[in-house]
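Some notes on the structure that comes next.
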Amino acid sequence: MWNDVMADVIGKTLTGFREDLAAFGPRLLAMLVILIVGLLAAGGLRLLVKLAFPRLGFDRFAEGAGVATVLRHGGITTPASSVLALVLAWSVLGVFVLLAVGALNLQYARDFVSQAFSWLPHLLVAGALVVLGVLLADFVRRSVLIAAVNAGLGSARLLAAIVHTFLVVLFAAMALEHLGVGRQVILVSFTILFGGAVFALALAFGLAGRDLAGKALERLAQGRDATGNDELDHL
Amino acid sequence: MTVPLDPGVEKRLGDLGQVELLVGIPSFNSARTIGHVVRAAAAGLAKYFPGRRAVIVNSDGGSKDGTAEAVAAADFSSPGTILVSHPLTPVHKIVTPYHGIPGKGSAFRTIFAIAGRLQARACAVVDSDLRSITPEWIELLLGPVIKEGFDYVSPLYLRHKYDGTITNSIVYPLTRALYGKEVRQPIGGDFGFSGRLAGHYLTKPVWESDVARFGIDIWMTTTAIADGFRVCQAFLGAKIHDAKDPGADLAGMLVQVVSSVFDLMETYRERWAALQGAEPVPLFGFPHGVGLEPIRVNVERMIGIFRQGARDLDEVWRSALPEEDLAALQEVARAESHHFPDPLWVRVVYGFAAAYRRRRLPREQLLRSLVPLYLGRTASFVRQTADSGAEEVEKAIQDLADEYVRQKPYLLSRWDG
């Protein structure tokens with residue numbers, strides 16, 4: 000009797016396993032197929048972008064738009080078209096991974112895919128904010144640097160770096176806040192940082208730099224440019 | 000495209016019909032000085048062109064200080080003071096607002112249009128804040144057109160040896176090398192031109208661009224030369240106008256002038272690429288020199304800004320200049336003697352022209368980064384010519400102009416590369 004019960008339980012277990020496998024197997028297979036297709040699609044897209052975009056002038060456009068300079072500052076020396084190809088390839092692969100997970104048709108997998116897709120727009124907006132912030136920060140940094148050098152300000156590089164850092168931090172904070180990552184922490188940290196910096200500058204400018212501030216304001220009021228009191232008519 | 004004119008002006012033009020000579024005066028809040036300019040123009044027309052129908056056109060940008068009233072009140076009716084005994088032919092006056100983008104170019108466009116409507120044969124434009132204008136200026140600007148058949152008269156002023164450094168180190172030698180004509184002061188501000196050339200100017204699609212705002216002077220000169228019109232110069236003596244605005248921004252001025260020149264290089268690339276050498280243009284008038292008061296130049300500050308630029312702007316200059324030129328600039332910045340050689344300066348200008356075309360950086364940023372280089376070059380020039388007279392300084396400028404011509408192949412290689 001004991002043997003019969005054992006055989007019955009084992010048999011049912013094995014049967015159940017076979018049935019589950021028979022039901023899950025196609026889904027697993029579908030997942031693998033989707034992943035393989037995704038890999039091929041991502042690889043093909045990357046190759047296509049790497050070959051076609053330079054010929055369409057994308058790298059020249061990236062130079063002119065300042066994107067290439069920003070990448071170089073970030074230590075990326077490969078052409079902008081290669082970077083774009085990589086980003087697009089990984090994005091396509093990411094989508095196929097989500098689809099592959101969804102193909103398993105498991106509840107938690109379905110929930111995960113649904114959350115991932117609903118979070119995607121936020122990620123895209125945050126990414127756009129970061130890219131925009133870096134481009135803007137680079138443009139403003141360069142403008143401040145050139146203007147400060149032309150005005151004969153000795154700390155031109157420091158001034159430009161401060162402005163650049165401020166803008167990058169601002170846009171990064173906006174991106175994180177949009178993603179909902181550590182909202183309160185971001186908000187409080189930024190307030191402390193920004194408020195502290197402004198307070199420190201006000202103290203320095205108002206107390207320690209009184210005379211310097213006065214001379215700078217006097218120069219501004221009289222509209223003197225980099226050449227001071229030249230009587231030269233440059234034109 | 001027709002140029003819009005006020006109904007009152009249209010009626011006036013209909014009444015006038017046709018004139019031979021036109022003097023245009025663009026203005027904006029020039030009540031203090033424009034009266035003198037109008038009287039000088041009227042006297043010049045009366046003395047040197049008696050019997051010819053003439054009109055003075057004031058093209059105004061919406062002045063609120065009584066400029067129009069000053070023009071209307073300004074009159075010249077004293078033959079004795081200009082030593083003529085014939086009756087003075089009345090000079091007609093038109094005061095008109097101009098339409099379009101605020102700027103001298105839009106004012107000129109209205110003057111060109113009126114010249115066309117009145118079929119004027121010879122025209123001149125003079126600044127409204129001139130203090131040194133005399134009746135002889137009118138003869139010198141209109142005479143070569145009406146009597147000798149020239150289409151464009153560029154002014155030549157008597158200047159201090161250090162004045163006009165942007166003109167002397169960039170605009171004149173670059174224009175000479177590119178277009179092959181030795182027009183010494185291509186952005187003088189007071190010009191003569193034929194009615195035919197005025198009509199040609201109106202056909203160009205530039206009136207919604209920076210030409211209308213600030214680039215009209217160099218644009219007129221370059222277009223006249225590049226489009227094959229007969230060009231000459233007239234020596235006008237010293238140009239004295241209202242005191243320089245102390246708030247005038249050097250970087251802004253440099254950006255405006257150089258961007259205008261570089262934009263024209265793109266327009267006329269086929270023309271200047273084929274030209275070699277440069278030829279003199281005829282000069283009317285009686286060149287003379289007088290002692291001019293010394294002017295103060297803060298050379299140390301210029302050198303300081305140049306050295307700071309060499310330290311801090313290397314990343315920006317790198318977008319325009321090759322490694323060897325950047326290294327040479329660092330050497331100039333390190334040297335105590337501060338000598339900025341002509342060949343290096345020419346390569347800098349040509350490098351920036353090519354970079355401007357390629358738009359590797361925002362154009363205004365690129366040109367603003369040229370300011371320390373320009374100041375370094377100017378300081379070197381001032382030091383080099385500190386003990387030189389006007390003739391020696393002019394020779395140094397001509398040597399620089401020859402260097403621009405010698406290095407034109409370099410420009411072509413950078414431009415097309």
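Chains as they are written, first to last, in numbering that gives the first Met the number 0: chain A, 0 to 234; chain B, 0 to 416. We treat Cβ as the ideally placed atom computed from N, Cα and C, and that holds for glycine. Source: prediction; values computed, not measured.
Please work out which residues of its chain come closer than 7 Å, Cβ to Cβ, to residue i, disregarding the five sequence neighbours upstream and downstream, and give them in chain order.
i	result
GLY246/B	Note on GLY246/B: pLDDT 46, under 50, position unreliable in the model; no value is reported.
Within 10 Å of its beta-carbon, does residue i have 16 or more other beta-carbons around it, so buried, or fewer, so exposed?
i	result
TYR178/B	buried
LEU128/A	buried
ALA125/A	buried
PRO185/B	buried
GLY194/A	exposed
TRP344/B	buried
ASP19/A	exposed
ILE11/B	According to the sequence shown, residue 11/B is Arg rather than Ile. When all chains shown are included, ARG11/B counts as buried.
SER387/B	exposed
GLN307/B	buried
LYS63/B	exposed
SER58/B	buried
PRO408/B	exposed
Since residue i sits in a beta bridge, which residues does DSSP pair it with?
i	result
GLY98/B	Rather than Gly, the amino acid found at residue 98/B in this sequence is His. The partner list for HIS98/B (beta bridge, DSSP) is empty, contrary to what the question assumes.
HIS199/B	BP columns for HIS199/B are empty, so no partner.
TYR151/B	PHE192/B and VAL230/B
ASN28/B	Paired residue(s): none; ASN28/B is not in a bridge.
SER58/B	PRO25/B and THR95/B
VAL124/A	None, per the DSSP bridge assignment.
GLY236/B	TYR156/B
PRO279/B	GLU181/B
ALA53/B	LEU20/B
LEU129/B	HIS240/B
Looking at the secondary structure, which residues open and close the alpha helix (DSSP H) in which residue i lies?
i	result
GLY73/A	No alpha helix (DSSP H) holds GLY73/A; DSSP gives it neither H nor E.
ASP241/B	It is not in any alpha helix (DSSP H) - ASP241/B carries neither H nor E in the DSSP assignment.
VAL296/B	No alpha helix (DSSP H) holds VAL296/B; DSSP gives it neither H nor E.
LEU366/B	362-367
PHE193/A	182-202
SER105/B	103-116
TYR409/B	407-415
SER259/B	249-266
TYR161/B	Run containing TYR161/B: none; DSSP gives neither H nor E here.
VAL347/B	341-357
Taking 8 Å as the CB-CB cut-off, is residue i touching chain A?
i	result
PRO143/B	no
ALA250/B	yes
PRO371/B	yes
ASP162/B	yes
THR384/B	no
THR166/B	yes
ARG359/B	yes
ILE302/B	no
ILE396/B	no
SER368/B	yes
GLY214/B	no
VAL280/B	no
ASP311/B	yes
ILE93/B	no
GLY99/B	no
VAL392/B	no
Please go through the same chain and pick out, in chain order, the residues whose beta-carbon is closer than 6 Å to the beta-carbon of residue i, but skip the five residues on each side of it.
i	result
THR14/A	none
GLY92/A	It is Leu, not Gly, that sits at residue 92/A in the sequence shown. Cβ within range, chain order: GLY37 and ALA41.
LEU129/B	VAL36 and HIS240
PHE189/A	ALA172
ALA84/A	ARG45, VAL48 and LYS49
Beta strand (DSSP E) containing residue i: first to last residue?
i	result
VAL124/B	121-124
Answer with yes or no whether the minimum CB distance from residue i to chain B is below 8 Å.
i	result
ILE145/A	yes
ASP137/A	no
ASP298/A	Residue 298/A falls outside the range modelled here, since chain A spans only 0 to 234, and no answer is possible.
ARG182/A	no
HIS233/A	yes
ARG141/A	yes
ALA155/A	yes
VAL148/A	yes
Near residue i, what residues of its chain come up, given a Cβ to Cβ distance below 8 Å and the 5 sequence neighbours on each side ignored?
i	result
CYS231/B	PRO143, GLU147, PHE149, TYR151, VAL152, SER153, VAL280, PRO281, LEU282 and PHE283
THR32/B	SER127, ASP128, LEU129, ARG130, HIS240 and ASP241
The ligand MG and residue i: does any heavy atom of the ligand fall closer than 7 Å to the residue's C-beta?
i	result
GLN114/A	The ligand MG is absent from the structure shown, which contains no ligands of any kind.
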